[in-house]
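Undergrad: I'd like to ask you about the structure that follows.
Chains as they are written, first to last, in the numbering used here: chain A, 977 to 1244; chain B, 977 to 1244.
Dropping the structure here:
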């Protein structure tokens, strides 16, 4: 299992996806994936730098981190790179006033922004807020804009919760893109600028960083596009058919985060 | 206005879209477009053949025709080509057992079909049935199939109701296509086989038929692909920007169905 891991000897930092790597999310708050909390502690004890890079948009970063701490993870808000704060910066820079179609618990991330007379739509994983009425409202606002601007917090296809697979924000993004004949701007993985922000927070150049995630396209493909190595875990939304993906091949597969950390630490 | 209509002299039959041409739909049952009921009567009196070709899937063909008769239109069930009966034939031919994500009022069109252990998903304009829960259910069934089969009753982007624009089935089709990495099979306009069925019922070859619709892609583009001439009315979902469509150009624009019939009958 350790043959072919020579490249891991120069690693100085790890970027970890959260959902499907640290824990499986769910309406009940979710459950940790076996060995993951201990793996995070081992990374920190090893002296490797650590940053979490998530597309989670069902909660503010503060509440999300609090939940993960409650599940036994030793992580802080500053260690999490998430789409909503990045989108907030982008909206401010461009003077955009958003209409939000997001989860109720995410709304406060955008508290500082003016939302009157919206000139763009921000789409997150709105979950139960993905109603027929809300989708029609977002659509009507977009189609009524002279130049529709749709900002999507990630473009995931689906994710796994404890009660089964759920459609992710990317599916709804595609619906609005098609209806309005626009292309969304994605803030979150796999956007290069988002990985670059996470690497800047990690403080390590891409060739000395490894991304570990369960999503073949958004984690593995996105990180590799930035010049990083990337591992796919066989937890979370991983499916055996991912191993035949026509375009993306991870640098290695691991059964879970604990195994990845075992192997990486053995190379150092 | 009549220059350049010489080709209309050989016309023997008309295919008419319904929503946005005969009437504007809405929760209140909808309202006829001025002059359209009279235009239908004039077509019939002229001896031209007439067939209605709709992507309507919010009601059975029987109930839809009854509603239109109530709005003053002299039409019968046999004069309407609609996606649900066509999909039903296709499902039977291929021995498919559908999971339906359609409007409640359409379900009875599929009464004859076995629906246990579904091996395909049939998507119509489900309107209020486009809930988060129903979309997740359809998604989970598809992603769980060895070879997912998604059949979409039309692929319209949006349509106009009396209270505003609504997302059409095509937007939800795109969401499921993306999430499951499949390509839907479209039964309805603009599919060539659907126009061919309508022409067969009209009993006129494509070069002697004219399609009249409000949808630049699904009505005009689809009919032209079949070798028909096609007019776009400036009613229903028509928007001025349609006149700059990068790929589709109607053979002529008309303000409404009544004007189209006026001009066509003058050529004969």
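Glycine residues also receive a C-beta, built at the ideal position from the N, C-alpha and C atoms.
Computed from a predicted model, the values in this text were never measured in an experiment.
To the nearest angstrom, how far is the alpha carbon of residue 1043 (chain A) from that of residue 1005 (chain A)?
TA: 8 angstroms
Undergrad: Does the separation of the CB atoms of residue 1185 (chain B) and residue 991 (chain B) fall below 8 angstroms?
TA: Result yes, Cβ atoms of residue 1185 (chain B) and residue 991 (chain B) sit closer than 8 angstroms.
Undergrad: Using the Cα positions of residue 1057 (chain B) and residue 1164 (chain B), report the straight-line distance between them to the nearest angstrom.
TA: 9 angstroms
Undergrad: With 8 angstroms as the limit, tell me which residues of the segment 1028–1049 of chain B have their beta carbon closer than that to any beta carbon of chain A; keep them in chain order.
TA: none
Undergrad: Residues of chain A with CB closer than 7 angstroms to the CB of residue 1133 (chain B), please, in chain order.
TA: Within 7 angstroms Cβ-Cβ: 1154, 1155.
Undergrad: Which class does residue 1007 (chain A) belong to by DSSP, given the choice of helix, strand or coil?
TA: strand
Undergrad: So what's residue 997 (chain B) in DSSP terms, helix, strand or just coil?
TA: coil
Undergrad: Excluding the 5 residues flanking residue 1019 (chain A) on each side, which residues of the same chain have their C-beta closer than 7 angstroms to its C-beta?
TA: 990, 1026, 1237
Undergrad: Evaluate contact between the segment 1085–1096 of chain A and the segment 1199–1218 of chain A, counting only Cβ atoms and requiring at least three cross-stretch pairs below 8 angstroms.
TA: Between the segment 1085–1096 of chain A and the segment 1199–1218 of chain A there are fewer than three C-beta pairs closer than 8 angstroms, too few to call the two in contact.
Undergrad: Could you have a look at residue 1172 (chain B) and say whether DSSP puts it in helix, strand or coil?
TA: When secondary structure is reduced to three states using DSSP, residue 1172 (chain B) falls in the helix class.
Undergrad: Tell me the residue span of the beta strand (DSSP E) that contains residue 1029 (chain B).
TA: 1025–1029
Undergrad: Using only alpha-carbon positions, find the residue among B:1194, B:1183, B:1223 that is nearest to residue 1133 (chain B).
TA: Of the candidates B:1194, B:1183, B:1223, the one whose C-alpha sits nearest the C-alpha of residue 1133 (chain B) is B:1194.
Undergrad: What's the gap between the Cα of residue 1010 (chain B) and the Cα of residue 1231 (chain B)?
TA: 11 angstroms
Undergrad: So if I threshold CB-CB distances at 7 angstroms, which residues from the segment 1110–1123 of chain A count as touching chain B?
TA: 1111, 1112, 1115, 1116, 1119
Undergrad: Return the residues of the segment 1140–1154 of chain A that lie within a Cβ-Cβ distance of less than 9 angstroms from chain B, sorted by chain order.
TA: 1140, 1141, 1142, 1143, 1144, 1146, 1147, 1148, 1149, 1150, 1151, 1152, 1153, 1154
Undergrad: By DSSP's criteria, residue 1187 (chain A) is part of a beta bridge. Which residues make up the other side?
TA: Looking at the DSSP output, residue 1187 (chain A) sits in a beta bridge with A:991, A:1206.
Undergrad: What does the alpha-carbon distance come out to for the pair residue 1059 (chain B) and residue 1198 (chain B)?
TA: Rounded to whole angstroms, residue 1059 (chain B) to residue 1198 (chain B) spans 15 angstroms at the Cα level.
Undergrad: Give the interface partners of residue 1103 (chain B) over in chain A, defined as CB-CB distance under 9 angstroms, in chain order.
TA: 1108
Undergrad: Counting Cβ pairs closer than 8 angstroms, one from the segment 1101–1120 of chain A and one from the segment 1047–1055 of chain A, do we hit at least three?
TA: no
Undergrad: Using a Cβ-Cβ cutoff of less than 8 angstroms, which residues in the same chain neighbour residue 1142 (chain B) once the five nearest sequence positions on both sides are dropped?
TA: 1103, 1134, 1135, 1136
Undergrad: Starting from the Cα of residue 1218 (chain B), find the closest Cα among A:1014, A:1217, A:1112, A:1156 and give me that residue.
TA: If we check each option's Cα against that of residue 1218 (chain B), A:1156 comes out closest.
Undergrad: Name the two residues that bound the continuous beta strand (DSSP E) containing residue 1137 (chain B).
TA: 1134–1137
Undergrad: Which of the three DSSP states, helix, strand or coil, is assigned to residue 1161 (chain A)?
TA: strand
Undergrad: To which residues of the same chain is residue 1063 (chain A) closer than 7 angstroms at the C-beta, ignoring the five residues directly before and after it?
TA: Closer than 7 angstroms at the Cβ level, and outside the excluded window around residue 1063 (chain A), lie 1098, 1127, 1129, 1163.
Undergrad: Thinking just about the alpha-carbon of each residue, which of A:1212, A:1225, A:1241 is nearest to the one in residue 998 (chain A)?
TA: A:1212
Undergrad: When DSSP labels each residue in this structure, what does residue 1015 (chain A) get in the three-state scheme?
TA: Looking at residue 1015 (chain A) - three-state DSSP - the assignment turns out to be helix.
Undergrad: Which of helix, strand or coil does DSSP assign to residue 1098 (chain A)?
TA: Here residue 1098 (chain A) sits in strand by DSSP.
Undergrad: Skipping 5 residues on each side, what residues in its chain have a beta carbon closer than 6 angstroms to that of residue 1030 (chain A)?
TA: 994, 1058
Undergrad: Between the Cα of residue 1014 (chain A) and the Cα atoms of A:1243, A:1234, A:1240, A:1244, which residue gives the shortest distance?
TA: Checked all of A:1243, A:1234, A:1240, A:1244; the closest Cα to residue 1014 (chain A) is A:1234.
Undergrad: For residue 1144 (chain A), count neighbouring C-beta atoms within 10 Å of its own C-beta (all shown protein chains included) and say buried if the count is 16 or more, exposed if not.
TA: It is buried - the Cβ of residue 1144 (chain A) has at least 16 other Cβ atoms within 10 Å.
Undergrad: Which class does residue 1180 (chain A) belong to by DSSP, given the choice of helix, strand or coil?
TA: Of the three classes helix, strand and coil, the one that applies to residue 1180 (chain A) here is coil, per DSSP.
Undergrad: Go through its chain and collect everything with a Cβ distance to residue 1080 (chain B)'s Cβ below 7 angstroms, but skip five positions before and after it.
TA: 1105
Undergrad: Residues in its own chain within less than 8 angstroms of residue 1167 (chain B) by CB, not counting five upstream and five downstream?
TA: Closer than 8 angstroms at Cβ, skipping near neighbours: 1198.
Undergrad: Return the CA-CA distance between residue 977 (chain A) and residue 1228 (chain A), expressed in angstroms with no decimal places.
TA: In this predicted model, residue 977 (chain A) has a pLDDT of only 47, less than 50, meaning its place in the structure is not dependable; the value taken from the coordinates is given anyway. Roughly 10 angstroms separates the two Cα atoms.
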